[in-house]
Structure formats: C-alpha cells, structure tokens
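In case it helps, the UniProt record's numbering puts the sequence shown at residues 1 to 356. Don't be surprised by glycine CBs; every beta carbon is placed ideally from N, CA and C. It should be emphasised that the depicted structure is a prediction, and the values quoted were computed from it without experimental measurement. Following: one structure in structure tokens, then a few remarks.
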Amino acid sequence: MSIVAETHPFVVGVDTHARKHVYTVLAAATGAVIATDDFPTTVAGINRALAWVARRTEADADTLWVIEGTGSYGAILTGTVAAHSYPVAEAPRMEPTQRYGVGKSDALDSHRIATAALSLPLTALRRPRLNDGIRQAIQILVTARAAMTNDRTRSINALTALVRANELGLDARGKLSKSQIVEVAKWRTRKEDLAILVARAEAIRLAKDIQELDQQLTANERQLEELVQVSHAAPLLEEKGFGPVSAAKCLAAWSHPGRVPSEAQFASLAGVNPIPASSGNTVRHRLNRGGDRSLNSALHMVAVSKMTHDQETKSYVTKRRAEGKTDREIRRCLKRYLARRVFRILNTQNQRLQPV
C-alpha cells in the first residue's frame, strides 16, 4: 500500500488561524524542512502563499497540501488550493502527547501537520468536502438547519420548564403539544401578580420564537428539496424513507466523487461500521460512535422510517427478531446497508452525469 512519502514529492502543512496561516514545506522523501513562513488570510495573502510554495516546490502539481480546519478557518484556502489542481487533505488528528517535550508554536504545528501525513497510506488521507455551487449551498443549509433545530429544542425546553414552575393555567404534565404552543403564543398580558405577569410574558416570547423557528425550518426544507432535485442526490428522493433533509445530509458528507474511495470507508465515515471488540474466545463487535454524526443521524432516521412504514423492511425486522436480534442491533444492520446503498447511488449518478 502506497504512502504519502512515496507518492508525493513535497508536502505542505498549514496551521490555520483567523488572521494568518502558517505554512511549512517538506521534502516528502526525507522529511527535511524546505521553508516555513506565514501569510495573511486575505485573498492577496493566499495568492502570495501559493506563489511562495510554487517557487519552493518547482511548481510540482503533485505537491500535497495538508490543511488544518478545511471546513472552518482553512475553508477559503482549501478551495483556492483545489482550484489550482493541487491534491488537498485535512490535517491528521494528533494526540496531545505528541507535543510532550516539543512545545507548541504555529510554526511547530504546521511542521507537525506535514510530518504526520508523510507515513499515512493514501487511503487514510481525509479528503475535504468540495465547496462549489450546489454542494456548498446544501452544506450551508444543513448547518443552518442544525443550529435552528437546536435553538427550537432549547426554546421548547425553556417554555416547558417555565409553565411547569409557574401557575399559568396550562396543563404541562406531559410534553407540550403544537396546539398548546399556539395557544401560549396567543396569550395576552393581564392584571395579575408581578411574578406571574413576567412569567406569562416570557412564555409568550418563547412560544412565538418556536413558531418563527418552525417557519424557518419549513423554508429551509423547501430550499434543500429544490437543491437536492438538481444534484447528484436526486435519486435518493425516490428511495423509501428518504426526504430532502436526509438526502441533503448524505450528499454533504459524500461531497464529490473520490472524496471517499470505497463504500466501506463511507460506512466508517457514517459511523455505522461494526468495530471488532473480541478477546480470547469471545467474538463480538461494538458500536462505532465516531464519524460524521450528521450523516449517521440521517441514516438513523431513514432506518426508523423504513422499519415503521416499509413492508419489505418490516419483514426483515421480523426475521431478525426471530433470530434473537434486538431492535438496536437490527437498526445497526439497516444503517450499514443504507450506507452501502447511498454510496452506490451517488457514485452511479455521478457516472451518469459525466459528459460522454
């Protein structure tokens, strides 16, 4: 299996920050440091950095860029480097113990990032998402939806706690229903004890916040559906259990052909691959709690939907229950199957859309 040091002539490690990025260029074969410098994160600064790297790597197009935070501080740099046809990878995860006895500085970090990539197999490189057009728009909407969903949950929890702690004339022994939230939003202030008066006003505010977030989430889903229909993920909408949100999350994780080389690696990315946990005569596997949790959540919701509404899946569930499997174990099997199915659909659709 080929490793980075055997495949790429140079490696550029980049430690990213809000104001400046720090770059270290290594000769891949020997690990020797060729140069280290920092440049501003402005467009002009990034262009200067590209020219600086090109001069020190003989403008070799196979120079591998290993960038920290390709989805945050390093996003613009990543897009620019990819646009110049350089191979790009996310910086490898490093343990704090790797800094023991070495110290920490931006220059050391960029060197450490580049060095950590040298011994990695090519298949172990974490390829960043491609931020162009539809895919980037979908990623933005998926991220915004997660934030809105969290805000809505916090508002509902706050409203529930408020009406349970204060006598506002609402039965809140159970989970607040949609009709109860609508009712609270329609309340009007009245003459009553000061504490209750303030509690009622706060309840009204929270209920209206929830309603506004519901409207925003509906609009968000509508936008996602429009984008998914003209993307590689369009065929997923024809699959049972998939909706605009789950299809969008799958596309955002898959991103583009080549980012995830195999369906097994896609399953690992989704956190649905069983991890061996055997010892001695005991053979068992445990749940993978890593990976892209947004993708994992999408596959989970599809699996639950299929277990509830799809007759073929319900027959499968009945069969596996008879074998002694728990519902949790069955969901794990379904999510692994769904990861394989999604990966194949997205790659097949990409081949269909390729110009002849």
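What are the start and end residues of the beta strand (DSSP E) that includes Asp-15? 10-15
Alpha carbon to alpha carbon, how far is Arg-293 from Ala-270? 7 Å
Along the alpha helix (DSSP H) that carries His-300, what are the first and last residues, could you check? 293-309
Tell whether a beta-carbon distance below 8 Å holds between Phe-242 and Val-317. no
Neighbour-count burial assignment, Ser-119, 16 or more Cβ in a 10 Å radius: exposed
Inter-stretch contact (C-beta, 8 Å, three-pair minimum) for the region 134-154 and the region 208-222: yes
Determine the direct distance from the alpha carbon of Gly-169 to that of Arg-190, and round the result to whole angstroms. 13 Å
Is there contact between the region 218-236 and the region 247-254, where contact requires at least three CB pairs shorter than 8 Å? yes
Just verifying my parser: in three-state terms, what is the DSSP assignment at Ala-35? strand
Quick check on the burial criterion: 16 or more other C-beta atoms within 10 angstroms. Buried or exposed for Leu-50? buried
Around the Cβ of Ser-315, are there at least 16 other Cβ atoms within 10 angstroms (buried) or fewer (exposed)? exposed
Considering Cα atoms alone, identify which of Lys-104, Glu-212 and Phe-266 is closest to Leu-346. Phe-266
Does the structure place the region 150-169 close enough to the region 52-59 that three or more beta carbon pairs sit under 8 Å? no
Evaluate the contact criterion for the region 4-21 versus the region 34-48: three or more CB pairs, one atom per stretch, below 8 Å. yes
So what's His-84 in DSSP terms, helix, strand or just coil? coil
Please classify Pro-128 as buried or exposed, where buried requires at least 16 other C-beta atoms within 10 Å of its C-beta. buried
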